[in-house]
Amino acid sequence: MTNNIASVSQAQISNRRQQLKRARRVKFFQAMWRSLMVGGMASGLIWAITLPDWVIRQPEQIDIEGNQLLSTQAIRSLLPLSYPQFLWRVEPQAIAESLENTAPIAEATVTRQLMPPGLIIQVQERQPVAIAQGQTQATSEPGFLDERGVWMPQSSYRSLKANVELPTLQVRGQNEHYRPYWSQVYPVVHHSPVKILEIDWRNPANLILKTELGNVHLGSDSSQLAEQLAVLDRMRQLPTQLQPSQIAYIDLKNPDRPVIQMKMASETSKPDHD
């Protein structure tokens with residue numbers, strides 16, 4: 032019995048030693064394989080990074096997508112890049128922010144392209160919807176407003192695509208005064224059944240519209256603008272009933288009680304300089 036126990040124990044010990052040896056060999060080969068993989072990947076990355084072909088040598092290697100107003104050449108000229116430019120040194124976020132700050136672009140996304148080397152820039156432009164003066168009294172440069180009321184200098188649209196039509200709607204007043212209300216007022220004006228030529232916001236207490244029916248005074252409550260323009264639409268026959276030269280303005284501050292303010296007799300003989 033003792034000999035059998037000793038024999039079994041010796042066999043177990045021998046098997047255990049063999050298992051440990053196999054386990055150590057497996058771990059050794061796994062570690063060596065991992066080292067080879069990591070070394071190969073590192074070598075491949077270093078080789079790839081140092082490839083002379085992964086360089087942006089000219090603006091034509093930059094694709095612009097989504098532009099409908101600005102030409103591709105105009106956007107490329109605004110990029111803060113010098114050539115040749117090593118692809119991995121390009122900072123996509125910095126380029127996107129530069130475009131959004133210097134061009135009429137609401138959003139830009141920049142992606143590196145490896146094969147062939149270059150950049151893909153997707154842009155969402157600011158669509159101009161009205162002509163306006165500078166943002167402050169100290170800024171007289173003409174510019175444009177987009178649908179959100181963001182002012183953009185006219186010079187930012189110096190290189191437009193062919194056949195792009197710019198807006199004709201004029202806006203007067205200080206941008207900081209009307210911008211809080213622009214997103215509410217512009218959609219109503221844009222869809223007005225009566226053509227509107229100008230929005231005069233110089234007097235915050237009285238919004239004035241220059242329309243095909245004459246000047247219209249609306250007061251300061253922009254929430255009733257849609258109702259006021261609906262009333263104006265029902266007054267389309269006014270020019271057939273009164274001479275436009277006799278009308279000073281249409282008062283729609285209270286849309287339930289529209290008032291036509293007539294010019295004084297002495298005023299009708301003077302040319303209208305407004």
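In case it helps, this note's numbering puts the sequence shown at residues 32 to 305. Beta carbons: idealized from backbone N, C-alpha and C, even for Gly.
Can you have a look at residue i and say buried or exposed, based on whether 16 or more other CB atoms are within 10 angstroms of its CB?
| i | result |
| --- | --- |
| Ala62 | exposed |
| Gln259 | buried |
| Tyr114 | exposed |
| Val160 | buried |
| Val290 | exposed |
| Ala139 | buried |
| Lys241 | buried |
| His248 | buried |
| Glu156 | buried |
| Val195 | exposed |
| Asn206 | buried |
| Phe175 | buried |
| Trp64 | exposed |
| Leu200 | buried |
| Leu197 | exposed |
| Met295 | exposed |
| Leu256 | buried |
| Leu238 | buried |
Does DSSP put residue i in a helix, a strand or coil?
| i | result |
| --- | --- |
| Glu207 | helix |
| Gln153 | strand |
| Gln101 | Going by the sequence as given, residue 101 is Leu instead of Gln. Looking at Leu101 - three-state DSSP - the assignment turns out to be strand. |
| Thr33 | Summary for Thr33: the model assigns pLDDT 48, below 50, so the residue's position carries little reliability, and this model does not support an answer. |
| Val141 | strand |
| Lys241 | strand |
| Val216 | helix |
| Met295 | coil |
| Gln311 | With the chain covering only 32 through 305, there is no way to say anything about residue 311. |
| Glu196 | coil |
| Glu122 | coil |
| Leu109 | coil |
| Leu260 | helix |
Looking only at DSSP bridge pairs, what is residue i linked to?
| i | result |
| --- | --- |
| Leu252 | One point to set straight first is that residue 252 is Asp, not Leu, in the sequence displayed. DSSP lists no partner for Asp252. |
| Gln201 | Ile162 and Glu229 |
| Gly174 | Ala163 and Pro184 |
| Met266 | Met266 pairs with nothing; no bridge assigned. |
| Val290 | Asp282 |
| Asn246 | Lys241 |
| Glu131 | DSSP, once it has assigned bridges, lists no residue as partnering Glu131. |
| Leu191 | Leu101 |
| Glu96 | Gln153 |
Quick check: residue i and residue j, are their CB atoms within less than 7 Å of each other?
| i | j | result |
| --- | --- | --- |
| Gly97 | Val181 | no |
| Arg225 | Asp177 | Here residue 225 is Val; the residue named in the question, Arg, does not match the sequence. No. |
| Ala236 | Val202 | no |
| Leu109 | Ala137 | no |
| Arg107 | Ile87 | no |
| Gln292 | Tyr280 | yes |
| Val179 | Ser223 | Reading the sequence as shown, one finds Arg at residue 179 and not Val. No, Cβ-Cβ distance for Arg179 and Ser223 is not below 7 Å. |
| Lys284 | Gly245 | no |
| Leu118 | Trp85 | yes |
| Tyr212 | Ser253 | yes |
Report whether the distance from the Cβ of residue i to the nearest heavy atom of the ligand NAD is below 6 Å.
| i | result |
| --- | --- |
| Leu269 | Judged by which ligands are present, the structure shown has none, so any question about the ligand NAD falls away. |
Checklist entry - Any chance the stretch 140-152 sits against the stretch 224-231, with 3 or more Cβ pairs inside 8 Å? => result Touching, no, given that fewer than three Cβ pairs across the two stretches are closer than 8 Å.
Checklist entry - Would you call the stretch 185-195 and the stretch 207-224 in contact, with 3 or more CB pairs under 8 Å? => result In short, these stretches do not touch, since the Cβ pair count stays below three.
Checklist entry - For the 8 Å Cβ check, are there 3 or more pairs between the stretch 119-130 and the stretch 97-104? => result With a cut-off of 8 Å on Cβ pairs, the stretch 119-130 is not in contact with the stretch 97-104, counting fewer than three such pairs.
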